[in-house]
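Student:
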Amino acid sequence: MTDQPTTDVAEPEEETSNLPPKVPRLPPGEWMKKNLFSSIGSSILTVIFLLIILAATRGLLGFAFSPDRRWDATATNMRLLFAGAYPQTQFVRMWVSLGIIVALGGLSTGVWRAGGRMYLTSLLTKGYGIGGSVVLGGLLAPFSGSARVSYFVIGGLIIAAMIAVQAATDEDTTVATLVVGVVGISTAVGSFWVIPYGHHAFVDGAPLTRDGTVAATTKGPLTVMVVLAVLTYFLGRAIADHLDLSWPRMVLGLSWLVSPLVIVFFVLRDPDFDYDHIFSTEVPIFLAYAVGGGLGLFALASPRIGELGRIIAAVTLIAAAATFLTPMLQVIRVLALALAVFALAAPTFSGNRAARLRYITVWAGVVLAMLWLITAINSPATVESNTSFFTGGLALTLIVASFTMILSFPLGVILALARTSDLPLFRVMSTTYIEFVRGVPLITILIFFSVLFPLFLPDGMEVTEIAAVTIGFTLFSAAYMAENVRGGLQSIRRGQYEAAEALGMTTAQKTVFIVLPQALRVSIPPLVGQTIGTYKETSLLAVIGLFDLLFVARSLIPNQTSFIGSVREQLLFASVIYWMGAYAMSRASQNLERKLGVGER
Amino acid sequence: MSDAASASVRDLSGAANMIECEGVSKWYGDFQALNSVSATIKEQEVVVVLGPSGSGKSTWIRCINKLEHHQEGRIVVDGVELTNDLRNIEKIRSEVGMVFQQFNLFPHLTVIDNITLAPIWVRKKPRSEAESMARSLLDRVGIPEQADKYPGQLSGGQQQRVAIARALAMEPRIMLFDEPTSALDPEMIKEVLDVMKELARSGMTMIVVTHEMGFAREVADRIIFMEDGMIVEVGTPEHFFTNPTEDRTKLFLSQIL
Numbered sequence: 240m241t242d243q244p245t246t247d248v249a250e251p252e253e254e255t256s257n258l259p260p261k262v263p264r265l266p267p268g269e270w271m272k273k274n275l276f277s278s279i280g281s282s283i284l285t286v287i288f289l290l291i292i293l294a295a296t297r298g299l300l301g302f303a304f305s306p307d308r309r310w311d312a313t314a315t316n317m318r319l320l321f322a323g324a325y326p327q328t329q330f331v332r333m334w335v336s337l338g339i340i341v342a343l344g345g346l347s348t349g350v351w352r353a354g355g356r357m358y359l360t361s362l363l364t365k366g367y368g369i370g371g372s373v374v375l376g377g378l379l380a381p382f383s384g385s386a387r388v389s390y391f392v393i394g395g396l397i398i399a400a401m402i403a404v405q406a407a408t409d410e411d412t413t414v415a416t417l418v419v420g421v422v423g424i425s426t427a428v429g430s431f432w433v434i435p436y437g438h439h440a441f442v443d444g445a446p447l448t449r450d451g452t453v454a455a456t457t458k459g460p461l462t463v464m465v466v467l468a469v470l471t472y473f474l475g476r477a478i479a480d481h482l483d484l485s486w487p488r489m490v491l492g493l494s495w496l497v498s499p500l501v502i503v504f505f506v507l508r509d510p511d512f513d514y515d516h517i518f519s520t521e522v523p524i525f526l527a528y529a530v531g532g533g534l535g536l537f538a539l540a541s542p543r544i545g546e547l548g549r550i551i552a553a554v555t556l557i558a559a560a561a562t563f564l565t566p567m568l569q570v571i572r573v574l575a576l577a578l579a580v581f582a583l584a585a586p587t588f589s590g591n592r593a594a595r596l597r598y599i600t601v602w603a604g605v606v607l608a609m610l611w612l613i614t615a616i617n618s619p620a621t622v623e624s625n626t627s628f629f630t631g632g633l634a635l636t637l638i639v640a641s642f643t644m645i646l647s648f649p650l651g652v653i654l655a656l657a658r659t660s661d662l663p664l665f666r667v668m669s670t671t672y673i674e675f676v677r678g679v680p681l682i683t684i685l686i687f688f689s690v691l692f693p694l695f696l697p698d699g700m701e702v703t704e705i706a707a708v709t710i711g712f713t714l715f716s717a718a719y720m721a722e723n724v725r726g727g728l729q730s731i732r733r734g735q736y737e738a739a740e741a742l743g744m745t746t747a748q749k750t751v752f753i754v755l756p757q758a759l760r761v762s763i764p765p766l767v768g769q770t771i772g773t774y775k776e777t778s779l780l781a782v783i784g785l786f787d788l789l790f791v792a793r794s795l796i797p798n799q800t801s802f803i804g805s806v807r808e809q810l811l812f813a814s815v816i817y818w819m820g821a822y823a824m825s826r827a828s829q830n831l832e833r834k835l836g837v838g839e840r
Numbered sequence: 187m188s189d190a191a192s193a194s195v196r197d198l199s200g201a202a203n204m205i206e207c208e209g210v211s212k213w214y215g216d217f218q219a220l221n222s223v224s225a226t227i228k229e230q231e232v233v234v235v236l237g238p239s240g241s242g243k244s245t246w247i248r249c250i251n252k253l254e255h256h257q258e259g260r261i262v263v264d265g266v267e268l269t270n271d272l273r274n275i276e277k278i279r280s281e282v283g284m285v286f287q288q289f290n291l292f293p294h295l296t297v298i299d300n301i302t303l304a305p306i307w308v309r310k311k312p313r314s315e316a317e318s319m320a321r322s323l324l325d326r327v328g329i330p331e332q333a334d335k336y337p338g339q340l341s342g343g344q345q346q347r348v349a350i351a352r353a354l355a356m357e358p359r360i361m362l363f364d365e366p367t368s369a370l371d372p373e374m375i376k377e378v379l380d381v382m383k384e385l386a387r388s389g390m391t392m393i394v395v396t397h398e399m400g401f402a403r404e405v406a407d408r409i410i411f412m413e414d415g416m417i418v419e420v421g422t423p424e425h426f427f428t429n430p431t432e433d434r435t436k437l438f439l440s441q442i443l
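These protein sequence lines are chains X and C, in that order.
Here my numbering is used: position 226 in the first sequence is 465, and no number is missing along the way.
Here my numbering is used: position 168 in the second sequence is 354, and no number is missing along the way.
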């Protein structure tokens with residue numbers, strides 16, 4: 240299967256200009272002389288570090304392939320590692336969630352026409368590296384003689400295939416990077432159907448191992464995912480070819496934003512809605528806010544309303560704040576606050592009839608989304624597990640990480656704007672907050688939020704431990720995000736502010752249209768660094784006893800009677816999973832940076 | 187020179203006052219940047235402000251649209267006095283267009299978006315109307331084919347012409363130019379000056395801070411010479427270039443001509 244990429248050199252792409260530049264290559268002998276053995280000192284260093292690398296590789300392989308390793312503990316507990324105690328009977332919901340993400344990914348790749356082409360030679364170089372590594376691994380790992388030979392044979396076959404491909408194609412052959420990716424993933428998933436990795440599962444609480452390929456409940460859905468990714472990609476391409484692009488892109492962007500909410504509160508949790516209550520309470524509230532608030536906003540967004548509009552908006556804000564003084568439904572208070580924010584922002588987005596209608600449509604959408612979300616959160620779940628939260632493992636890690644990122648980003652931007660504001664009150668408040676949070680260890684904040692925070696809530700309001708901890712993560716992460724965004728804000732030249740001011744823009748318009756788009760672009764690298772940090776820091780959930788990936792790997796599996804003490808294997812596996820996520824994010828941000836760099840200076 | 191003659195002879199005595207400055211003073215700490223500047227600019231008048239660097243020329247025109255705040259005196263633009271009232275400032279800024287030395291285009295927006303942003307969000311125009319106006323303005327400044335490029339892909343002269351189109355899109359009654367050609371390579375200066383000449387001929391009220399003597403001689407109705415934050419001499423180009431009265435003006439002219 241390794242030589243498959245060569246067959247995909249077809250499909251002439253319209254652009255060849257986005258190919259990476261082709262660097263002339265030195266013959267291997269000269270390359271080594273120049274880069275590894277240029278002087279006596281560097282030769283010595285090269286030899287020393289090669290020995291260290293070989294010894295480390297030997298140690299790692301010796302650990303991983305030792306017959307004492309309980310990898311069957313990892314294989315048997317895959318479900319626990321990825322989804323915690325999520326009920327087996329409902330497991331299809333997990334796959335649907337993954338499917339939503341895969342479909343969004345496929346559509347986005349197609350609509351944005353992502354992926355370029357790469358030279359086949361650079362792919363072959365990687366192939367040689369893989370083949371060489373397999374041979375080297377066979378040499379170093381503590382195998383029996385026959386296993387060792389089979390590794391040599393596999394490595395040799397890979398290298399031979401690469402040589403054959405290289406002989407059959409010329410230097411300038413290119414392949415689409417997407418095709419390379421799909422072939423790679425299909426090969427991996429396809430191997431589940433062919434190669435007898437073994438079938439591991441818990442049957443009635445006892446681990447069971449059978450020979451043969453992996454369980455159909457694993458390989459089946461994974462195959463569907465690959466097919467789904469390819470199909471949605473072509474659907475995305477079709478949309479890109481036939482429609483004006485701005486709409487699909489906006490819809491997709493919004494879908495990404497709400498997908499964590501939909502997945503967690505709707506797909507995974509499956510709220511049991513009380514429809515009588517919804518029709519008697521939620522629907523009237525929605526109508527009152529969407530229609531009544533919408534009419535008010537339509538008037539406030541009139542360009543002619545002038546000073547009166549600001550006064551009405553201020554009164555709305557005070558009224559919204561006053562709702563907290565009297566007992567009433569939480570939803571009404573929250574929506575009143577949202578309405579006040581929309582009223583305050585109305586002059587910024589005011590305009591002709593079409594612009595005002597667009598504004599109140601957005602408002603109605605926000606009311607619907609907030610109401611639906613609050614109702615879903617407050618409804619009991621039909622999916623129950625015997626843990627405090629209905630899922631765990633990697634799923635919990637990803638849920639906490641993605642909610643933290645989504646919530647802390649806007650908060651961080653607001654904090655950064657406040658810290659650079661001209662108003663001393665905002666500046667002092669924001670600076671105090673940021674400096675305070677940055678001076679406290681994250682674990683302290685987490686313990687505070689999991690243990691003490693619920694005690695500070697007003698009567699009749701309660702949050703789950705997960706929600707409390709996510710708030711803690713968010714508040715912590717926002718302080719760091721704010722500093723990153725502030726760096727971006729400071730990079731914007733004075734002239735940009737002056738040009739916007741000279742055109743008569745208000746402070747809000749200047750911030751939204753001119754300052755933030757440029758500042759956030761500059762802040763992408765540090766923001767992604769922060770995001771990766773947050774993703775890894777979710778492992779602190781294990782310390783406060785929540786069943787995240789690390790807790791499952793470190794405490795749950797090694798305590799199972801069948802797999803007592805198998806902690807090192809699980810930690811190695813968890814590390815690989817964390818690394819794959821972090822590496823993927825880092826590569827994605829590099830691509831994003833390159834894309835956004837287009838057209839600037 | 188026939189053009190220059192006709193421009194200088196233009197009779198503006200009956201025109202309304204567009205900008206009135208009375209005893210405008212400004213300090214940066216202990217340094218006095220403007221010292222009691224008084225001047226009146228009439229509708230459709232083109233005034234060129236000359237003077238050595240650091241003489242307060244830019245500071246003065248930046249006070250006229252409140253990018254800088256004057257501390258003494260009064261400035262009245264089109265009948266509205268400049269105060270610290272926010273609404274006042276926004277109203278005046280949307281009537282006064284400004285072109286900067288460093289262009290200050292928005293690098294993250296295409297040329298057409300640079301031009302339409304303020305008309306759509308400040309003037310509340312429908313997008314289609316704003317876009318068709320932007321295209322006709324790009325036509326007017328001679329670069330209709332660059333509409334969908336980003337500023338970074340244009341030459342300096344093209345960027346400055348986009349900046350002029352961006353200011354004109356707000357349909358201002360006054361245009362301020364703060365050394366519009368000083369950051370340009372010599373071969374691009376002419377294309378920008380040509381646009382400005384065309385604008386002057388169309389009857390726009392303009393204040394131009396520049397070092398382009400040819401432009402001043404040809405287009406200006408009046409020349410104001412400033413030094414050390416004060417207006418030293420005011421006169422027609424004819425008077426200014428051939429028969430200046432003040433010694434400091436003579437010295438300045440002898441250094442640059």
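Glycine residues also receive a C-beta, built at the ideal position from the N, C-alpha and C atoms.
From a predicted model like this one, the values you see are computed outputs, not experimental measurements.
Can you find the residues in the same chain that come closer than 8 Å, C-beta to C-beta, to A333 of chain C, ignoring five residues on each side of it along the sequence?
Tutor: Against the second sequence, residue 333 of chain C aligns to sequence position 147. T296, V297, I298, A320, R321 and L324.
Student: Can you find a C-beta in chain X that's less than 9 Å from the C-beta of D189 of chain C?
Tutor: Residue mapping note: residue 189 of chain C aligns to position 3 of the second sequence, counting from 1. Because the pLDDT at D189 of chain C is just 45, under 50, the model does not fix this residue reliably, and the point stays unresolved.
Student: Residue ranges of each alpha helix (DSSP H) run of no fewer than 4 residues wholly in the stretch 271-342 of chain X, ordered along the chain?
Tutor: Those alpha helix (DSSP H) runs which fall completely within the stretch 271-342 of chain X and span 4+ residues are 279-304, 310-315 and 317-322.
Student: Near P619 of chain X, which residues of its chain fall below 6 Å by C-beta distance, leaving aside the five closest residues on each side in sequence?
Tutor: By 1-based counting over the first sequence, the position of residue 619 of chain X is 380. Contacts found: D511.
Student: So L346 of chain C is in the alpha helix (DSSP H); what residue range does that whole segment cover?
Tutor: Your numbering for residue 346 of chain C matches position 160 in the second sequence. Position check: residue 346 of chain C holds Gln in this sequence, whereas Leu was assumed. Start and end: G342 to L354.
Student: According to a CB-to-CB cut-off of less than 9 Å, which residues of the stretch 518-550 of chain X neighbour chain C?
Tutor: Answer set for the stretch 518-550 of chain X: P542, G545 and E546.
Student: Run the CB neighbour count on M489 of chain X, radius 10 Å, all protein chains shown included, and call it buried at 16 or more, exposed below.
Tutor: The sequence position of residue 489 of chain X within the first sequence is 250, counting from 1. Exposed, by the Cβ-count rule.
Student: Skipping 5 residues on each side, what residues in its chain have a beta carbon closer than 7 Å to that of F505 of chain X?
Tutor: Sequence index remark: in the first sequence, residue 505 of chain X carries index 266 (1-based). If we look at F505 of chain X and ignore the five residues flanking it on each side, its Cβ neighbours are A615.
Student: Could you give the first and the last residue of the continuous beta strand (DSSP E) run that contains M390 of chain C?
Tutor: As a first step, residue 390 of chain C must be located in the second sequence, where it is residue number 204. Element bounds for M390 of chain C: n/a, residue is neither H nor E.
Student: What does a CB cutoff of less than 8 Å around V210 of chain C pick up in its chain, not counting 5 residues either side in sequence?
Tutor: In the second sequence, residue 210 of chain C corresponds to position 24, counting from 1. Result list for V210 of chain C: L220, S222, V223, S224, W246, C249, H256, E258, G259, R260 and I261, in chain order.
Student: If you draw a straight line from the alpha carbon of V465 of chain X to that of I424 of chain X, how long is it in whole angstroms?
Tutor: For this step, residue 465 of chain X is matched to residue 226 along the first sequence. For this step, residue 424 of chain X is matched to residue 185 along the first sequence. Straight-line Cα distance between these residues: approximately 8 Å.
Student: Considering only the alpha carbon of each residue, which of X:F688, X:F581, X:S305 and X:L417 lies closest to I705 of chain X?
Tutor: Taking the first residue of the first sequence as 1, we reach residue 705 of chain X at position 466. Residue X:F688 is the option with its Cα nearest to I705 of chain X.
Student: With H, G and I counted as helix, E and B as strand and the rest as coil, what does DSSP make of F665 of chain X?
Tutor: Counting from 1 along the first sequence, the entry for residue 665 of chain X is found at position 426. Of the three classes helix, strand and coil, the one that applies to F665 of chain X here is helix, per DSSP.
Student: I want to verify the contact list: residues of chain X whose CB lies under 9 Å from the CB of F286 of chain C, in sequence order.
Tutor: Within the second sequence, residue 286 of chain C is the residue found at index 100, counting from 1. Chain X residues near F286 of chain C: G734, E737, A738 and A741.
Student: Residues of chain C with a CB under 9 Å from the CB of P446 of chain X: which are they?
Tutor: The residue given as residue 446 of chain X occupies position 207 in the first sequence. Those do not exist, as P446 of chain X stays about 57 Å from chain C at its closest Cβ, beyond 9 Å.
Student: Under the assumption that R408 of chain C contacts G421 of chain C (Cβ atoms under 8 Å), give the Cβ distance between them as a whole number of angstroms.
Tutor: Position 222 of the second sequence holds residue 408 of chain C. Position 235 of the second sequence holds residue 421 of chain C. Indeed, because the Cβ distance is near 7 Å, the residues count as touching under 8 Å.
Student: I287 of chain X to G459 of chain X, Cα distance in whole Å?
Tutor: In the first sequence, residue 287 of chain X corresponds to position 48, counting from 1. In the first sequence, residue 459 of chain X corresponds to position 220, counting from 1. I287 of chain X and G459 of chain X: Cα-Cα distance of roughly 48 Å.
Student: Mind checking which residues open and close the beta strand (DSSP E) that includes M204 of chain C?
Tutor: The count along the second sequence starts at 1 and reaches residue 204 of chain C at position 18. Element bounds for M204 of chain C: N203 to Y214.
Student: Determine, for P756 of chain X, whether the minimum Cβ-Cβ distance to residues of chain C falls below 9 Å.
Tutor: In the first sequence, the residue the question calls residue 756 of chain X occupies position 517. For P756 of chain X, the answer is yes, since a Cβ of chain C falls inside 9 Å of its Cβ.
Student: Given that I753 of chain X touches chain C, what residues does it touch there, using C-beta distances under 9 Å?
Tutor: Here residue 753 of chain X refers to the residue found at position 514 when the first sequence is read from its first residue. By Cβ distance, chain C contributes F292, H294, L295 and L303.
Student: List, in order along the chain, the chain X residues whose C-beta lies closer than 9 Å to that of K310 of chain C?
Tutor: Position 124 of the second sequence, counting from 1, holds the residue named residue 310 of chain C. Those are P542, S589, G590, N591 and A594, listed as they occur along chain X.
Student: Determine the DSSP secondary structure at P266 of chain X, reduced to helix, strand or coil.
Tutor: Taking the first residue of the first sequence as 1, we reach residue 266 of chain X at position 27. Coil.
Student: Can we say the stretch 629-648 of chain X touches the stretch 322-341 of chain X, given the rule of at least three CB pairs closer than 8 Å?
Tutor: Touching, yes, given that three or more Cβ pairs across the two stretches are closer than 8 Å.
Student: Counting along the chain, where does the alpha helix (DSSP H) carrying A454 of chain X start and finish?
Tutor: Taking the first residue of the first sequence as 1, we reach residue 454 of chain X at position 215. That residue, A454 of chain X, is in no alpha helix (DSSP H); it is neither H nor E in DSSP.
Student: At a Cβ cut of 9 Å, what residues of the stretch 227-247 of chain C count as close to chain X, listed as they run along the chain?
Tutor: Per Cβ criterion, the list is empty.
Student: What in chain X is Cβ-close to S368 of chain C, meaning under 7 Å?
Tutor: As a position in the second sequence, residue 368 of chain C is number 182, starting the count at 1. Result: empty, since nearest Cβ-Cβ is about 14 Å, beyond 7 Å.
Student: Compute the Euclidean distance between the alpha carbons of L788 of chain X and S519 of chain X, then round it to the nearest angstrom.
Tutor: As a first step, residue 788 of chain X is located in the first sequence; it is residue number 549 there, counting from the start. As a first step, residue 519 of chain X is located in the first sequence; it is residue number 280 there, counting from the start. Looking at the two C-alpha atoms, the distance is approximately 42 Å.
Student: Just the C-alpha distance for F786 of chain X and G804 of chain X, rounded to the nearest angstrom, thanks.
Tutor: For the purposes of this step, residue 786 of chain X is taken as the residue at position 547 of the first sequence. For the purposes of this step, residue 804 of chain X is taken as the residue at position 565 of the first sequence. Taking the straight line from one Cα to the other gives about 18 Å.
Student: Under a Cβ-count criterion, where at least 16 other Cβ atoms within 10 Å of its own Cβ denotes burial, should E832 of chain X be classed as buried or exposed?
Tutor: In the first sequence, residue 832 of chain X corresponds to position 593, counting from 1. Per the 10 Å Cβ criterion, exposed.
Student: Taking only beta-carbon positions, decide if I323 of chain C is within less than 9 Å of chain X.
Tutor: By 1-based counting over the second sequence, the position of residue 323 of chain C is 137. Checking the sequence, you will find Leu at residue 323 of chain C rather than Ile. No, L323 of chain C does not count as interfacial toward chain X.
Student: Quick one: using the 10 Å Cβ neighbour count with 16 as the cut-off for buried, is P266 of chain X buried or exposed?
Tutor: Here residue 266 of chain X refers to the residue found at position 27 when the first sequence is read from its first residue. By the neighbour-count rule (16 or more Cβ atoms within 10 Å), P266 of chain X is not buried but exposed.
Student: I'd like to check one pair, G651 of chain X with A479 of chain X: are the Cβ atoms closer than 9 Å?
Tutor: On the first sequence, residue 479 of chain X is found 240 positions in, with the first residue counted as 1. On the first sequence, residue 651 of chain X is found 412 positions in, with the first residue counted as 1. No.
Student: Can you check the stretch 369-435 of chain X for any beta strand (DSSP E) of at least 3 residues that lies completely inside it and give the ranges in chain order?
Tutor: Listed in chain order, they are 413-415.
Student: Could you check where the alpha helix (DSSP H) with N591 of chain X kicks off and where it finishes?
Tutor: In the first sequence, residue 591 of chain X corresponds to position 352, counting from 1. No alpha helix (DSSP H) holds N591 of chain X; DSSP gives it neither H nor E.
Student: Please confirm whether F286 of chain C and A738 of chain X have their CB atoms less than 9 Å apart.
Tutor: Mapped onto the second sequence, residue 286 of chain C falls at position 100. Mapped onto the first sequence, residue 738 of chain X falls at position 499. Going by C-beta atoms, F286 of chain C is nearer than 9 Å to A738 of chain X.
Student: Between G371 of chain X and T360 of chain X, what straight-line distance do the alpha-carbon atoms span, to the nearest angstrom?
Tutor: Here residue 371 of chain X refers to the residue found at position 132 of the first sequence. Here residue 360 of chain X refers to the residue found at position 121 of the first sequence. Looking at the two C-alpha atoms, the distance is approximately 16 Å.
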